Amino acid sequence: RTNELWGGRFASGPAEVMERINPSIDFDRRFWREDIQGSKAHAEMLVAQGIVSAADGAAIAKGLDEIWGEIESGRFKFSRALEDIHMNVESRLREVVGEPAGRLHTARSRNDQVALDMKLWCRGAIDDLEVELKALQAALIDQAERHADAVMPGFTHLQVAQPITFGHHMLAYVEMFGRDRGRLADCRRRLNESPLGSAALAGTPYPIDRFRTASALGFDRPTANSLDSVSDRDYAMELIAAAGICAVHMSRLAEELVLWTTAQFRFVRLSDGFSSGSSIMPQKRNPDAAELVRGKAGRVLGAFTALSLVMKGLPLAYSKDMQEDKEPVFDAIDTLGLCIAAMTGMIADMEANPAAMRRAVEAGFPTATDLADWLVREAGLPFRDAHHVAGRLVKEAETRGCGLADLPLDVMQAAHPALDERIYQVVSVEASVNARTSYGGTAPERVREQVAEARRRFLDG
Ligand code: ARG
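Take the numbering used here: the final residue in the sequence shown is number 708, and no numbers are missing along the way.
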């Protein structure tokens with residue numbers, strides 16, 4: 248049997264394997280809402296332009312509403328023989344309203360239809376991610392406020408570097424997720440032009456009004472070039488590229504949670520709800536959710552690779568290769584959404600352990616820089632010389648198995664005579680963080696200011 252929608256010039260039906268490779272209905276049914284919304288806007292415009300009669304337009308709209316109800320309630324029978332969501336809906340429309348259904352596809356092609364559906368879906372995904380990322384930022388900001396003055400080691404090379412506050416560390420991620428939101432917002436602004444009415448590739452001779460459908464569907468304007476409209480998927484690539492960068496941020500935070508929950512660190516404890524036990528080792532509390540967030544970032548990044556490779560060799564305009572755009576995009580967005588939700592839960596429930604952070608920061612001579620800075624400031628030493636003096640004292644403390652603050656004054660003065668009692672104020676980790684009051688610095692007072700600023704920049708409105 249030949250296809251009922253395009254089978255006019257065919258004598259026989261598809262091969263069995265064709266029925267397996269060709270359809271997209273198993274995944275593109277996902278944007279049935281977008282498809283029906285687009286069809287309703289298109290039909291309404293056809294009527295307004297006098298291309299389709301009001302009666303036919305009303306029948307089409309009513310039929311589409313009925314199909315909406317069928318799909319929503321799970322009564323709709325999707326058919327692989329009808330390939331995709333577009334033909335499934337249109338074919339059902341013919342059953343529901345009869346002859347007027349055949350007029351819906353006037354001045355339209357599946358090429359602009361699928362471009363429209365995909366854009367609408369991506370736009371919705373961006374709007375959802377925006378809400379989800381905001382919730383994650385809110386959880387991070389709350390933790391930052393709670394622990395604005397909890398001193399922990401800041402690391403470079405994963406070696407203790409300088410004391411920082413846990414609040415400062417949390418706010419670093421708030422900034423990253425803020426830029427992720429910015430990238431998604433940029434993508435949304437660029438994608439928000441309607442391809443509907445580009446038809447197959449060249450436009451259409453019917454007197455359509457693309458501005459009308461664009462505004463009905465919440466677009467800023469119609470796209471300017473019909474060929475471009477049906478050919479490019481840059482908006483989808485841009486979306487999952489931004490999703491990939493966000494997934495990298497999520498993965499780094501996840502990695503820190505994995506590290507911080509170990510017996511060696513104990514900086515944080517994840518709630519029972521976000522930990523798993525071991526079937527053999529009774530003591531275990533594994534950070535499975537964090538590991539999965541770290542692992543799934545690979546999938547999101549892979550999606551961008553997949554889609555860009557699908558697109559890179561395609562001549563204009565539409566090729567069926569482009570049907571392969573959907574699965575990577577859906578999977579990337581589903582995966583990222585799940586990761587954000589899990590991360591938000593982990594962060595909201597997580598219990599920080601300032602005592603463990605304090606012990607860890609003491610262990611690594613993190614205030615050696617402060618000692619050197621003091622010699623520069625108070626004794627006028629060149630920084631390089633001061634660096635050397637501080638290094639000698641670190642070596643001495645290491646030999647004695649104590650911290651810098653535990654070295655007796657005569658030992659300090661043997662390293663440099665200008666050192667006096669005041670140095671003990673300087674080499675404490677609290678003094679170190681309190682001194683870092685430069686804008687964006689780790690001092691608790693700055694962190695508290697940044698908590699308030701972050702709420703204003705990211706959470707208000
Ligand atoms: N299912 C197709 C896709 O996802 C819809 C567009 C089909 N257009 C065409 N000329 N075959 O890309």
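Yeah, the Cβ is synthetic: ideal placement off N, Cα and C, and Gly gets one too. The model shown is predicted, which means the values in this text are computed figures rather than measured ones.
| Asked | Found |
| --- | --- |
| Secondary structure of MET597, DSSP reduced to three states | coil |
| HIS404, buried or exposed, once every other Cβ within 10 Å from all chains shown has been counted against 16 | exposed |
| Which of helix, strand or coil DSSP assigns to VAL641 | helix |
| Selected residue, minimal CA-CA separation from PRO685, among GLU319, HIS415 and ALA354 | Looking at the sequence itself, residue 685 is Ser, so the reference to Pro does not match. Out of GLU319, HIS415 and ALA354, HIS415 has the C-alpha closest to the C-alpha of SER685. |
| Ligand 1 heavy atom lying under 7 Å from the CB of HIS333 | yes |
| Which of helix, strand or coil DSSP assigns to ALA602 | helix |
| Beta strand (DSSP E) segment containing PRO400, residue limits | 398-403 |
| Cβ-based burial, GLN767 [other Cβ within 10 Å; buried from 16] | Because the chain spans 248 through 708 in this model, residue 767 falls outside it and cannot be assessed. |
| Simplified DSSP assignment, three categories, for THR249 | coil |
| Simplified DSSP assignment, three categories, for GLU440 | strand |
| ASN726 Cβ short of 7 Å to ligand 1 heavy atom set | The structure shown has nothing for residue 726, since the chain only spans 248 to 708. |
| Extent of the continuous beta strand (DSSP E) to which THR412 belongs | 406-412 |
| Delimiting residues of the alpha helix (DSSP H) encompassing ILE283 | 279-295 |
| Cβ contact check for the segment 419-433 and the segment 480-498: 3 or more pairs under 8 Å | yes |
| Whole-angstrom C-beta distance between VAL698 and ALA391, which should lie under 8 Å | 5 Å |
| Residues sharing a beta bridge with ARG468, DSSP | GLU440 |
| Any non-hydrogen atom of ligand 1 within 7 Å of GLU330 CB | yes |
| Terminal residues of the alpha helix (DSSP H) in which LYS543 lies | 535-558 |
| Any non-hydrogen atom of ligand 1 closer than 7 Å to VAL407 Cβ | no |
| Any non-hydrogen atom of ligand 1 within 7 Å of ASP481 CB | no |
| Of the listed residues THR470, ASP374, VAL299 and SER326, nearest to PHE274 (C-alpha basis) | SER326 |
| Residue interval of the alpha helix (DSSP H) (run including ARG267) | 263-268 |
| First through last residue of the alpha helix (DSSP H) which encompasses ILE373 | 357-393 |
| Beta-carbon gap between ALA579 and GLU625 smaller than 8 Å | no |
| Helix, strand or coil at SER685 [DSSP, three-state] | coil |
| Proximity winner among VAL658, LEU504 and PRO629, relative to VAL641 (alpha-carbon distances) | VAL658 |
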